[in-house]
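Enquirer:
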Amino acid sequence: MAVRLSVALALGLLTQAPAVLAAEGLAGPYLAGRQAFSMFNYDEAAIYLALALQQDPTNTAVAETAILSQIARGHPEKAVPIAVQQRERGYDSQVVTLVILGSLAKNGDYAGAIAELDDGHTAGPLVDDLFRAWSLVGQGQMSEALTVFDGLSEQPGLRTFGLYHKALALASVGDFEGADAIFSGKEGGPLQATRRGVIAHAEILSQLERNAAAVELIERVVGGAIDPELEVLRQSLIAGGAVPFDVIRDPADGIAEVFATVAGVLNAETGALDALTFTRLAEFLRPDYVDAILMSAGILERQDQHELATKTYNRISSEDPSYLTAELGRVDALVASDRIDAAIEALQQLAKARPKVAVVWSTLGDILRRQERFSEAAAAYDRAIADLPTEQPGQWVVYYTRGICHEREKDWAAAEADFRKALELSPNQPQVLNYMGYSFLEMNTNLDEALSMIERAVAAKPEDGYIVDSLGWALYRMGRYEEAVARMEKAVELMPVDSIVNDHLGDVYWA
-3 MAVRLSVALA
7 LGLLTQAPAV
17 LAAEGLAGPY
27 LAGRQAFSMF
37 NYDEAAIYLA
47 LALQQDPTNT
57 AVAETAILSQ
67 IARGHPEKAV
77 PIAVQQRERG
87 YDSQVVTLVI
97 LGSLAKNGDY
107 AGAIAELDDG
117 HTAGPLVDDL
127 FRAWSLVGQG
137 QMSEALTVFD
147 GLSEQPGLRT
157 FGLYHKALAL
167 ASVGDFEGAD
177 AIFSGKEGGP
187 LQATRRGVIA
197 HAEILSQLER
207 NAAAVELIER
217 VVGGAIDPEL
227 EVLRQSLIAG
237 GAVPFDVIRD
247 PADGIAEVFA
257 TVAGVLNAET
267 GALDALTFTR
277 LAEFLRPDYV
287 DAILMSAGIL
297 ERQDQHELAT
307 KTYNRISSED
317 PSYLTAELGR
327 VDALVASDRI
337 DAAIEALQQL
347 AKARPKVAVV
357 WSTLGDILRR
367 QERFSEAAAA
377 YDRAIADLPT
387 EQPGQWVVYY
397 TRGICHEREK
407 DWAAAEADFR
417 KALELSPNQP
427 QVLNYMGYSF
437 LEMNTNLDEA
447 LSMIERAVAA
457 KPEDGYIVDS
467 LGWALYRMGR
477 YEEAVARMEK
487 AVELMPVDSI
497 VNDHLGDVYW
507 A
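Each residue of the sequence shown is one higher than the one before, counting from -3 in the numbering used here.
(1) Considering only residues of the stretch 105 to 152, which uninterrupted alpha helix (DSSP H) runs meet the minimum length of 4 residues and lie entirely inside it, listed in chain order?
(2) Please identify the residue among Asp176, Gly174 and Val217 whose C-alpha is closest to the C-alpha of Arg191.
(3) Measuring alpha carbon to alpha carbon, tell me which residue in Lys182, Lys348, Asp171 and Thr61 is nearest Ile43.
(4) Throw me the rounded Cβ distance for the Leu443 and Leu437 pair, which I believe falls under 8 Å.
(5) Would Asn207 be called buried (16 or more neighbouring beta carbons within 10 Å of its own) or exposed?
(6) Taking just the CA atoms, how far does Ile200 sit from Ala288?
(7) For a test of the three-state rule: what should DSSP assign to Val243, helix, strand or coil?
(8) Keeping to the same chain, check which residues put their C-beta closer than 7 Å to that of Leu159; ignore five residues upstream and five downstream.
(9) Figure out for me which residue from Gln137, Val80 and Ser89 has the closest Cα to the Cα of Ala107.
(10) Check for me: the alpha helix (DSSP H) holding Met291 runs from which residue to which?
(11) Tell me whether Arg365 is buried or exposed, calling it buried when 16 or more other Cβ atoms sit within 10 Å of its Cβ.
(12) Leu405 by DSSP, collapsed to three states: which one?
(13) Please state the DSSP three-state secondary structure of Glu489.
(14) With a cut-off of 8 Å on the beta carbons, I'd call Val286 and Ser318 a contact; round off their distance for me.
(15) Report the rounded CA-to-CA distance for Asn498 versus Met439, giving the unit in angstroms.
(16) Below 8 Å, can you find three or more Cβ-Cβ pairs linking the stretch 275 to 286 to the stretch 160 to 177?
(17) Kindly confirm or deny that the stretch 233 to 242 and the stretch 106 to 120 touch, where touching means at least three C-beta pairs closer than 8 Å.
(18) Would you report the Cα separation of Val228 and Ile234, rounded to the nearest angstrom?
(19) Just confirm the distance between the C-beta atoms of Glu479 and Leu471, as a whole number of angstroms; I'd bet it's less than 8 Å.
(20) For Ala175, does the three-state DSSP call read helix, strand or coil?
(21) Rounded to a whole number of angstroms, what is the C-alpha to C-alpha distance between Tyr38 and Ser65?
(22) When you compare the CB positions of Val123 and Val261, do they come within less than 9 Å of one another, or not?
(23) Straight-line CA distance for Val504 to Tyr477?
(24) Kindly indicate which residue of Glu140, Ala101, Ser89 and Leu132 has the alpha-carbon position closest to the one of Gly120.
(25) When you compare the CB positions of Ser131 and Ala101, do they come within less than 9 Å of one another, or not?
(26) Helix, strand or coil for Asp316 per DSSP?
(27) Let me check understanding here. Comparing Cα to Cα, which of Glu40, Ala59 and Ala41 lies closest to Leu49?
(28) Should Ala413 be listed as close to the ligand GDP, given that the test is whether its C-beta is under 8 Å from any heavy atom?
(29) For the alpha helix (DSSP H) that Ile512 lies in, which residues bound it at each end?
(30) Which value, in whole angstroms, describes the spacing of the CA atoms of Gln391 and Asp249?
(31) State buried or exposed for Trp469, treating a residue as buried only when at least 16 other CB atoms are found within 10 Å of its CB.
(32) Please classify Val493 as buried or exposed, where buried requires at least 16 other C-beta atoms within 10 Å of its C-beta.
(33) Which of the three DSSP states is assigned to Lys162 in this structure?
(34) Looking at Pro72 and Phe280, is the spacing between their C-beta atoms short of 9 Å?
(35) Please say whether Ala375 and Ser358 have beta carbons closer to each other than 9 Å?
(36) Could you compute how far the alpha carbon of Ile400 sits from the alpha carbon of Ala411?
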C-alpha cells in the first residue's frame, strides 16, 4: 500500500478536467462536449469542444478537456497546438506541460525539454525526473542522466522505476554489462519481473553472448504462458547469434517507455482515462509500440468505445508477432458493437492465414454457437480440437461447448462423449456437471447419475441460481417434493425474475 501511495503522489491527479461556468453562447457546445467526454465518446467530444474553443479561446477548462479528448481519441498531434496556445496565454497545468514535453521529445528537442522543466513546468514529479533523465541521455550527458535515475531510485516507493529506466538507458548506449547488473540484481537488488522487463533483459543477455541464459530467463519467468512475441524471441535466441536490443532504440523510445510505465501503474491503481492519456502519448512518440497500442485498445473496450478500439487494434501490422492478439481483440470489439458478420469474417480470414491456431477456431465456434449456428460451430470446434497441443485441464471448455452444439443438433451420443471428455479433463467443472445432469433429466434417463452430477455442481457453486434450480428440478423429477421445494425457493431467491425458475417453483408447489 505504501508503494502504491508513493506512486500516486508522484504522479499526481492528471485527467480530471476542470469545471467551468460557460459564457452565453458557449454553454451548448461546451456542455455537449463535456457530456460526450464523460461518456468516453472522445470523437464527439473533440468536435463540440473545438467549437466551444473557437467561441472562447481563453477558456482554460474548455481547452483542457479538448486536449484530453484529442489525446484519448489517438490524435495527440492535434492537442499540441491547443496546449501551446494555452501556454502562450499564460495558462499552465500538468496536461499542458505533458503535451508540450511530448512534442519536444517527438521533435528530438531534448534541450528544449530540459529547459521546460528548468522553468518550473511540471507533469508530476515521477514523470519530470524520468523525462529529465532521458532528455539528458538525448543530450549525450550520460553521467548526469544516471545521477537523476539514481536520485529517483532513492525515493520511497520509486526505486523500481529509477532502476528499470537506468538499466534501459545503459543498454541503449551499449553498456550491456551495467544493464545486466541491474536486471540480475547485482546492483540494487533484483527488479520485479515484468513481461517488458523480461524481453529487455533477454535481449541484453543475447548482446552479452549469453543466449542460453536468456532462454532460461524466459522459460523460468513466463513458464507455459509464452505469448507469440516472446516465443519469436525465444526461437531467435535458440537459433543462435546476437538478438538486437531494440526495446529502446533512442531517447524518444525511452520517453515512450516512461509514458507506458506510468500508464501501467495508472491502469491498475487510479483509472482507465488517466492510463489512456499516457498510452496514447507513448504511441505518439513510438507509433510501433505494440504494447501501448494493445493497452489503449483494451482500455477503450472497457469504456465501451468499441469502434475506436477496433481502429486502434487495426494499427498492428499483420507481420507483428502480436497480430494474433490484436485481431482477437478486434473481434471482441466487433462482437461488442454487434457487428457479428464482420467479426465472423475477420476470424475466417485469420483462420485462412493461421489455420493451425486452435484459439482462432474456438473463438469462431463460440460466436457461431451464440448465433445458434450449431452445425457450423461444431465444425469450428472440430478444427480447434484437432490443433490442440498436449492435453491440459483448461481445454475442457472446447469439448463442453462442442458438446452443447451436438446436443442442440440432437446428436446426444456425440454430446455425451464431449461432456465426459470435458469432465475427464476437469472432473468437478460445475458448468459441465449441471448441463449434462440437466440433459439427463430432460431425457428422463440416468436420473441417479444426473442427481449426483448436479449435487456436485451445487457444491462448487452454491449461489448459482441456474444450478440450484437444476437440483430442485432433479428432486422434483425423482418424486422428492419436500426437498425440491426448499431448493426451488432458494433458486427463485437467487434469480427472482427468471421465468423458467419461477415456472419450476410453481410445478413443485402443485406436486
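Yeah, the Cβ is synthetic: ideal placement off N, Cα and C, and Gly gets one too.
Expert: So, from the listed chains and residues:
(1) 106 to 114, 121 to 134 and 138 to 149, all fully within the stretch 105 to 152.
(2) Taking the sequence shown and counting its residues from 1, one reaches residue 191 at position 195. Comparing C-alpha distances from Arg191 to each of Asp176, Gly174 and Val217 shows the shortest one belongs to Val217.
(3) Looking up residue 43 in the sequence shown gives position 47. Cα-wise, what sits closest to Ile43 is Thr61.
(4) On the sequence shown, position 447 is the one that residue 443 refers to. On the sequence shown, position 441 is the one that residue 437 refers to. Cβ atoms of Leu443 and Leu437 come within 8 Å of each other, at about 7 Å.
(5) For the purposes of this step, residue 207 is taken as residue 211 along the sequence shown, with counting starting at 1. Flag for Asn207 reads buried.
(6) To locate residue 288, count along the sequence shown from 1; it is residue 292. To locate residue 200, count along the sequence shown from 1; it is residue 204. Spanning the two alpha carbons is a distance of roughly 22 Å.
(7) The sequence position of residue 243 within the sequence shown is 247, counting from 1. Of the three classes helix, strand and coil, the one that applies to Val243 here is coil, per DSSP.
(8) Taking the first residue of the sequence shown as position 1, residue 159 is located at position 163. Closer than 7 Å at Cβ, skipping near neighbours: Ser149, Ile178, Gly184 and Leu187.
(9) Here residue 107 refers to the residue found at position 111 of the sequence shown. Closest by alpha carbon: Gln137.
(10) For this step, residue 291 is matched to residue 295 along the sequence shown. Segment Val286 to Arg298, the alpha helix (DSSP H) holding Met291.
(11) Sequence index remark: in the sequence shown, residue 365 carries index 369 (1-based). With 16 or more other Cβ atoms within 10 Å, it is buried.
(12) By 1-based counting over the sequence shown, the position of residue 405 is 409. Residue identity differs from the one stated: residue 405 is Glu in this sequence, not Leu. Of the three classes helix, strand and coil, the one that applies to Glu405 here is coil, per DSSP.
(13) Position 493 of the sequence shown, counted from the first residue, corresponds to residue 489. DSSP places Glu489 in the helix class (H, G or I) of the three-state scheme.
(14) For the purposes of this step, residue 286 is taken as residue 290 along the sequence shown, with counting starting at 1. For the purposes of this step, residue 318 is taken as residue 322 along the sequence shown, with counting starting at 1. Your pair Val286 and Ser318 checks out as a contact, with CB atoms roughly 5 Å apart and the cut at 8 Å.
(15) One-based indexing of the sequence shown puts residue 498 at position 502. One-based indexing of the sequence shown puts residue 439 at position 443. Distance between the alpha carbons of Asn498 and Met439: 21 Å.
(16) A contact between stretches requires three or more CB pairs, one per stretch, nearer than 8 Å, and the stretch 275 to 286 fails this requirement with the stretch 160 to 177.
(17) Between the stretch 233 to 242 and the stretch 106 to 120 there are fewer than three C-beta pairs closer than 8 Å, too few to call the two in contact.
(18) Position 232 of the sequence shown, counted from the first residue, corresponds to residue 228. Position 238 of the sequence shown, counted from the first residue, corresponds to residue 234. Each residue's CA atom was taken as its position, placing Val228 and Ile234 some 10 Å apart.
(19) Translated into the one-based positions of the sequence shown, residue 479 becomes position 483. Translated into the one-based positions of the sequence shown, residue 471 becomes position 475. The C-beta distance from Glu479 to Leu471 rounds to 5 Å, short enough to fall under 8 Å.
(20) To locate residue 175, count along the sequence shown from 1; it is residue 179. DSSP places Ala175 in helix when its eight states are reduced to three.
(21) For the purposes of this step, residue 38 is identified with residue 42 of the sequence shown, where counting begins at 1. For the purposes of this step, residue 65 is identified with residue 69 of the sequence shown, where counting begins at 1. Near 5 Å, if we compare the C-alpha coordinates of Ser65 and Tyr38.
(22) On the sequence shown, residue 123 is found 127 positions in, with the first residue counted as 1. On the sequence shown, residue 261 is found 265 positions in, with the first residue counted as 1. Between Val123 and Val261, the C-beta gap is not smaller than 9 Å, which leaves the two residues out of contact.
(23) Counting from one through the sequence shown, the residue named residue 504 turns up at place 508. Counting from one through the sequence shown, the residue named residue 477 turns up at place 481. Looking at the two C-alpha atoms, the distance is approximately 7 Å.
(24) Taking the first residue of the sequence shown as 1, we reach residue 120 at position 124. The shortest Cα separation from Gly120 among Glu140, Ala101, Ser89 and Leu132 belongs to Ser89.
(25) Numbered from 1 along the sequence shown, position 135 holds the residue referred to as residue 131. Numbered from 1 along the sequence shown, position 105 holds the residue referred to as residue 101. A contact, by the Cβ cut-off of 9 Å.
(26) Locating residue 316 in the sequence shown gives position 320, where the first residue counts as 1. Here Asp316 sits in coil by DSSP.
(27) For the purposes of this step, residue 49 is taken as residue 53 along the sequence shown, with counting starting at 1. For the set Glu40, Ala59 and Ala41, the Cα lying nearest the Cα of Leu49 is the one of Ala59.
(28) Ligands displayed in this structure: none; no statement on the ligand GDP is therefore possible.
(29) Outside the displayed range of the chain (-3 to 507) lies residue 512, so it cannot be described from this structure.
(30) Start at 1 with the first residue of the sequence shown, and residue 391 comes out as number 395. Start at 1 with the first residue of the sequence shown, and residue 249 comes out as number 253. C-alpha separation (whole angstroms): 39 Å.
(31) Start at 1 with the first residue of the sequence shown, and residue 469 comes out as number 473. Classification of Trp469: buried, given that the 10 Å Cβ count is 16 or more.
(32) Taking the sequence shown and counting its residues from 1, the one referred to as residue 493 is at position 497. The residue is exposed, with fewer than 16 neighbouring Cβ atoms inside 10 Å.
(33) Counting from one through the sequence shown, the residue named residue 162 turns up at place 166. Three-state DSSP puts Lys162 in a helix.
(34) The residue given as residue 280 occupies position 284 in the sequence shown. The residue given as residue 72 occupies position 76 in the sequence shown. With respect to Pro72, Phe280 sits close: the two C-beta atoms are nearer than 9 Å.
(35) As a first step, residue 358 must be located in the sequence shown, where it is residue number 362. As a first step, residue 375 must be located in the sequence shown, where it is residue number 379. The Cβ atoms of Ser358 and Ala375 do not sit closer than 9 Å to each other.
(36) Taking the sequence shown and counting its residues from 1, the one referred to as residue 400 is at position 404. Taking the sequence shown and counting its residues from 1, the one referred to as residue 411 is at position 415. For the pair Ile400 and Ala411, the Cα-to-Cα distance works out to about 7 Å.
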